[in-house]
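Residue numbers (this note's numbering): 19 to 198.
Glycine is no exception: its CB is placed at the ideal position from the N, C-alpha and C atoms.
What follows is the structure, encoded as structure tokens:
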């Protein structure tokens with residue numbers, strides 16, 4: 019809003035994939051269906067989270083448990099949920115939208131979102147862009163896309179495997195998993 023008042027060009031940039039954004043678009047609908055806030059904490063274990071979310075175009079096989087975990091709240095005034103809903107509403111006012119994806123990866127979601135939101139631009143791979151655009155001796159070369167120290171050994175491991183023989187799943191830098 020401030021950018022508009024000051025006549026400064028702006029765009030909305032979504033760092034996560036478009037699949038991560040698309041469920042946010044449907045939060046108000048899920049709220050209206052009574053899927054959250056949860057009535058009480060017992061709903062976390064009573065199979066409610068196995069409820070199919072079959073009305074989200076191109077994501078018909080997902081379940082409530084697959085949606086970002088902060089909708090698992092019992093608080094009708096949860097700040098995080100309300101912030102997410104307001105940001106989705108604000109996105110409609112953005113003159114353009116940039117997603118960290120590419121057209122061939124998520125076309126089944128990019129296409130329907132393009133009919134809802136302003137011009138959408140898919141740019142990726144951001145790390146590759148970052149590495150190619152910022153010289154190593156630049157004052158900005160310290161910029162990283164990770165919150166944790168990278169373990170580059172996994173790249174060597176991936177490279178040692180036959181092409182198309184493994185599936186890579188990235189759970190993000192806020193997820194901590196045990197080795198087992």
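If you draw a straight line from the Cα of residue 113 to the Cα of residue 159, it comes to about 30 Å. Close CB contacts of residue 80 within its chain, under the 6 Å cut and outside five residues either way in sequence, are with 71 (chain order). In this structure, residue 75 places its C-beta atom within 7 Å of the C-beta atom of residue 130. By the C-beta density criterion, residue 90 is buried, having at least 16 other C-beta atoms within 10 angstroms. If you check the CB distance, residue 120 and residue 142 come in under 7 Å.
Contact check for residue 40 against residue 116 fails: the beta carbons are separated by 7 Å or more.
For the pair residue 123 and residue 95, the Cα-to-Cα distance works out to about 35 Å. Along the stretch 26–53, the alpha helix (DSSP H) occurs as fully enclosed runs of 4 or more residues at 36–43 and 45–50, listed in sequence order.
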